[in-house]
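K.L.:
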Amino acid sequence: MPSGPKVRVFFLWHLHQPWYFEPGRATARLPWVRLHALKNYLDFPALLSRDPRVPHVVNVVPSLLDQLELLAGGASDSFLDLARKPIAGWSETDRAFATRHFFSVHQDRHIKPVPRYAALRETPRDAFTERDLLDLTVHFHLAWCGRALRREPLVKALREKGSGYSEAEKNELLDLQSAHVSRVLPGFAAAFASGVVEATTSPYHHPILPLLCDTRSAREARPSMAIPEAPFQRPEDAALQTRLGLATFARHFGFRPNGMWPPEGSLSEPVLAILGDAGVSWVATDEEILLQSLGRPHLPLGARTPLVFHPRRLRAGTPAIFFRDRFLSDRIGFTYATWRAADAAHDVVAHLRALRRDANTEADELVVPVVLDGENPWESYEEEGEPFLTALTNALAAEPWIEVTTPSRLLRAGLTPRPLERLVAGSWIEGSFSTWIGDPVKNRAWELLTRARSELSPFLTAEGKVPSRVHAALLAAEASDFFWWFGEPHSSAEDPLFDELFRAQLSAAYRAAGKTPPAALEEPLAPEPGAPLVRESRPIAPTLDGRMTDYFEWLGAGRFLVRARGTMGGGGRVVKEVRFGLSEDGATLFLRLDPTGAFSGELLEIALLDEAREADGSSLHHSF
């Protein structure tokens, strides 16, 4: 065995969905809790707990737990409500909704291999018959069946039949899926009880805790960031979200977890004190936070190893902090899905071996955290990631110098965190909070939240009491997901809905206090959706391979959104979006074109280089 230190690795899978219910309504506006429950949450706990050689850590956001409980108790969502209606009774609005939304699955994994589903994808929207709509509804829900559901005789039979489904078959499938949702929470409980899976949780509504404490903390990582003039300063809300999160988890599973994934890996010094007061013994975040805190943000990869891969502690009484390996986390999240499972597992081991070589001494034991979403990556993997996770387990267990463990096991075994003199506030995205504040639309949302929180303070609940309806609505409006989708850099087809849900929570808070909501809450936060959207670029370094190799590689790029004009404007549109940016040294201009229609899953990426840098005189690199 090559010389070097022991490499201890832990895998933390973060499960999170926004709160999709409007105040006072029992139907979720979006279906993603239910659908991920059927495809991911139902299978994931058993998959992770089946081999004690490789333990895992699972972080479940408390608001997700409560939504799963509601769905298990009979709550519905807008997609399910439509699917349960007889197709013959659908209105034109219903038909348009289905043909727009019932292709919301991974195209390569779930549409292209199914002839009938693929044919429906190419059918003009105004040409759908009732039979087409019925087949579409069934195929959409079959695509969201995970491994456990695909073993059910009904699901097998419907997949084999392929087309010509009846209303009775559709309803039988929906009933079967609804029954399986109630198995999700017991599945997590069994995994936690196995001793193979360590449980962690997050503050209740997944807010960005440092911004709740003080929005001015955004300037610690980005001193020139444009933020609202009036700061939001509610550390008591950060503390309440944390306490509610821990209490909700304990209500569902009968115990409080030791650790916590702070939403989006966001930390600050005041947040660490709040988490310590709540009894949290460890947290995880991104390596960039540590490097910024040490004043070494541009340290080469090889030189990072001895600094990053050991837990730290800011001061006595605060949690131990583990810093994730960004490279390996992103490889699992965005790259390995296109690899053979055995090759991907071998690459993980090769990366850990390289870190081992970079360590200073044999005594310098490494702790390598891998932290990423626990639901989203597997849409792109074969069999929802089961072959990859099996290959990974075997590959890691075969190496005597690798120990797969959990943070609590490490701390119980006497691992001593190194001291940390200061912590620069930031998140796991670029080490900053630019995803949640700084954009004009995001800042406008913070202004509305700040105003509501100030005006409604007399109606809030005393510490230690169950939050009032006013307080509960304000806490819901503090969720990170709203600010994620407002403005730039993220965008989805549901942006207007998140805008609406945010304003609905604030309006509900005012009404619960007996007050009329401000007129500003009647108007969308976002600019006119018909206008082209242009954003300036930050330095980027994408891989030119014609695909999204890494979600973050184009995140800082400038963006021009090509929008249709008029009712016929979209007919001849070939490109829906252009992204652009310069390299760090300014010598390379990167361009990315996102096509529409049949080529929507592919990218055209171009790099225009300084000719003086190219020995052969070539100035154009591209990838399709």
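Per our numbering, the sequence shown runs over residues -6 to 617. Glycine is no exception: its CB is placed at the ideal position from the N, C-alpha and C atoms. All of these numbers come straight from a predicted model, not from anything done at the bench.
(1) Distance check for Ser450 and Ile282, CA to CA, integer angstroms please.
(2) To the nearest angstrom, how far is the alpha carbon of Glu358 from that of Ala172?
(3) So, using beta-carbon positions, are Arg1 and Val361 closer together than 8 Å?
(4) Helix, strand or coil for Ser485, going by three-state DSSP, please let me know.
(5) What residues are listed by DSSP as bridge partners for Pro620?
(6) Name, in chain order, the residues that DSSP records as bridge partners for Phe14.
(7) Under a Cβ-count criterion, where at least 16 other Cβ atoms within 10 Å of its own Cβ denotes burial, should Leu237 be classed as buried or exposed?
(8) What does Ser420 pair with, by DSSP beta-bridge criteria?
(9) What residues match up with Pro200 in a beta bridge as DSSP calls it?
(10) Please state if the CB of Leu494 and the CB of Ala445 are separated by a distance shorter than 8 Å.
(11) Give every residue of the same chain whose Cβ lies closer than 8 Å to the Cβ of Tyr544, excluding the five residues on either side of it in the sequence, and list them in chain order.
(12) Check for me: the beta strand (DSSP E) holding Leu365 runs from which residue to which?
(13) I need the DSSP call for Arg227, collapsed to helix, strand or coil.
(14) Quick check on Ser618: does DSSP put it in helix, strand or coil?
(15) Would you say Trp421 and Gly(-3) are within 8 Å of each other, going by their C-beta atoms?
(16) Could you tell me how far apart the beta carbons of Arg317 and Glu280 are, in whole angstroms, since I believe they sit closer than 8 Å?
(17) Contact between the region 409 to 427 and the region 258 to 272 is defined here as three or more beta-carbon pairs at a separation below 8 Å; is this criterion met?
(18) Within the chosen definition, does the region 376 to 388 reach the region 36 to 55 through at least 3 CB pairs nearer than 8 Å?
(19) Leaving out the 5 sequence neighbours to the left and right, which residues in its chain are closer than 7 Å to His94 when beta-carbon positions are compared?
(20) In whole angstroms, what separates the C-alpha of Pro452 from that of Ala161?
(21) Would you mind giving the Cβ-Cβ distance between Phe121 and Thr92, rounded to the nearest angstrom? I have them listed as a contact below 8 Å.
(22) Just verifying my parser: in three-state terms, what is the DSSP assignment at Thr428?
(23) Below 8 Å on the Cβ atoms is my contact criterion, and I expect Ser187 with Ser42 to pass it. Report the Cβ-Cβ distance as a whole number of Å.
(24) Please classify Trp6: does DSSP put it in a helix, a strand, or coil?
(25) Which of the three DSSP states is assigned to Ala534 in this structure?
(26) Taking the alpha-carbon positions, what's the Arg209 to Leu63 distance?
(27) Between the Cα of Ala68 and the Cα atoms of Asn52, Ala81, Gly17, Val54, which residue gives the shortest distance?
(28) Scan the region 229 to 287 and note each continuous beta strand (DSSP E) run of 3 residues or more that stays entirely inside, going in chain order.
(29) Determine the burial state of Ser56: buried for a count of at least 16 other Cβ atoms within 10 Å of its Cβ, exposed for fewer.
(30) So if DSSP puts Glu376 in a beta bridge, which residue, or which two residues, is it bridged to?
(31) Taking the Cβ atom as the reference point for each residue, do Asp492 and Pro510 lie within a distance shorter than 8 Å?
(32) So, is Phe4 buried or exposed, given that buried needs 16 or more other C-beta atoms within 10 angstroms?
(33) Nearest CA to the CA of Val53: which residue from Arg585, Arg212, Ala184, Glu440?
P.N.:
Concretely, from the data shown:
(1) As a position in the sequence shown, residue 282 is number 289, starting the count at 1. As a position in the sequence shown, residue 450 is number 457, starting the count at 1. Whole-angstrom Cα-Cα distance: 33 Å.
(2) Within the sequence shown, the letter at position 365 stands for residue 358. Within the sequence shown, the letter at position 179 stands for residue 172. Put simply, the backbone Cα of Glu358 is about 47 Å away from that of Ala172.
(3) For the purposes of this step, residue 1 is identified with residue 8 of the sequence shown, where counting begins at 1. For the purposes of this step, residue 361 is identified with residue 368 of the sequence shown, where counting begins at 1. Their beta carbons are under 8 Å apart, which means Arg1 touches Val361 by this criterion.
(4) Translated into positions along the sequence shown, residue 485 becomes position 492. It is coil, neither helix nor strand.
(5) This structure cannot speak to residue 620, because the chain is shown only from -6 to 617.
(6) Locating residue 14 in the sequence shown gives position 21, where the first residue counts as 1. Note: Phe14 sits in a beta bridge opposite Ala21.
(7) If you number the sequence shown from 1, residue 237 lands on position 244. Label assigned to Leu237: buried.
(8) Against the sequence shown, residue 420 aligns to sequence position 427. DSSP lists no partner for Ser420.
(9) For the purposes of this step, residue 200 is taken as residue 207 along the sequence shown, with counting starting at 1. Paired residue(s): Ala472.
(10) As a position in the sequence shown, residue 445 is number 452, starting the count at 1. As a position in the sequence shown, residue 494 is number 501, starting the count at 1. No.
(11) Reading the sequence shown from its first residue, position 551 is the one you call residue 544. At Tyr544, the pLDDT of 49 sits below 50, so the modelled position is not reliable; the number obtained from the coordinates is stated separately. Within the same chain, Tyr544 has close Cβ partners Asp323, Gly326, Phe327.
(12) As a working note, residue 365 is residue 372 in the sequence shown. For Leu365, the uninterrupted beta strand (DSSP E) segment begins and ends at 359 to 366.
(13) On the sequence shown, position 234 is the one that residue 227 refers to. In the three-state scheme derived from DSSP, where H, G and I count as helix and E and B as strand, Arg227 is classed as coil.
(14) Residue 618 lies beyond the stretch modelled for the chain, which goes from -6 to 617, so this question has no answer here.
(15) Locating residue 421 in the sequence shown gives position 428, where the first residue counts as 1. Locating residue -3 in the sequence shown gives position 4, where the first residue counts as 1. No, these two residues do not count as a Cβ contact at 8 Å.
(16) Position 324 of the sequence shown, counted from the first residue, corresponds to residue 317. Position 287 of the sequence shown, counted from the first residue, corresponds to residue 280. Sure, about 6 Å apart at Cβ, within 8 Å.
(17) The answer is yes - the region 258 to 272 touches the region 409 to 427, with three or more Cβ pairs under 8 Å.
(18) Taking a cut-off of 8 Å on C-beta distances, the region 376 to 388 touches the region 36 to 55, as three or more cross pairs fall below it.
(19) Here residue 94 is taken as the residue at index 101 of the sequence shown, counted from 1. Cβ contact annotation for His94 (same chain, cutoff 7 Å, sequence separation greater than five): Phe72, in chain order.
(20) As a working mapping, residue 452 is identified with position 459 in the sequence shown. As a working mapping, residue 161 is identified with position 168 in the sequence shown. For the record, residue 452 in the displayed sequence is Phe; it is not Pro. C-alpha separation (whole angstroms): 50 Å.
(21) By 1-based counting over the sequence shown, the position of residue 121 is 128. By 1-based counting over the sequence shown, the position of residue 92 is 99. The beta-carbon distance between Phe121 and Thr92, rounded to whole angstroms, is 6 Å. This is short enough to meet the 8 Å contact definition.
(22) Translated into the one-based positions of the sequence shown, residue 428 becomes position 435. DSSP places Thr428 in coil when its eight states are reduced to three.
(23) Working through the sequence shown from its first residue, we reach residue 187 at position 194. Working through the sequence shown from its first residue, we reach residue 42 at position 49. Contact check for Ser187 and Ser42: beta-carbon distance about 4 Å, within the 8 Å limit, so the pair qualifies.
(24) Locating residue 6 in the sequence shown gives position 13, counting from the first residue. Correct three-state label for Trp6: strand.
(25) Mapped onto the sequence shown, residue 534 falls at position 541. Coil, per DSSP.
(26) The residue given as residue 209 occupies position 216 in the sequence shown. The residue given as residue 63 occupies position 70 in the sequence shown. For Arg209 and Leu63, the distance between alpha carbons rounds to 37 Å.
(27) Taking the sequence shown and counting its residues from 1, one reaches residue 68 at position 75. The residue with the shortest Cα to Cα distance from Ala68 is Gly17.
(28) Runs found: 275 to 279.
(29) Working through the sequence shown from its first residue, we reach residue 56 at position 63. So Ser56 ends up on the buried side.
(30) Residue numbering aside, residue 376 sits at position 383 when the sequence shown is read from its first letter. Residue pairing by DSSP places Glu376 in no beta bridge whatsoever.
(31) Counted from its first residue, the sequence shown places residue 492 at position 499. Counted from its first residue, the sequence shown places residue 510 at position 517. In this structure, Pro510 does not lie closer than 8 Å to Asp492 by Cβ.
(32) Here the question's residue 4 lines up with position 11 in the sequence shown. Answer is buried; the Cβ neighbour count reaches 16.
(33) Here residue 53 refers to the residue found at position 60 when the sequence shown is read from its first residue. It is Ala184 whose Cα lies nearest to the Cα of Val53.
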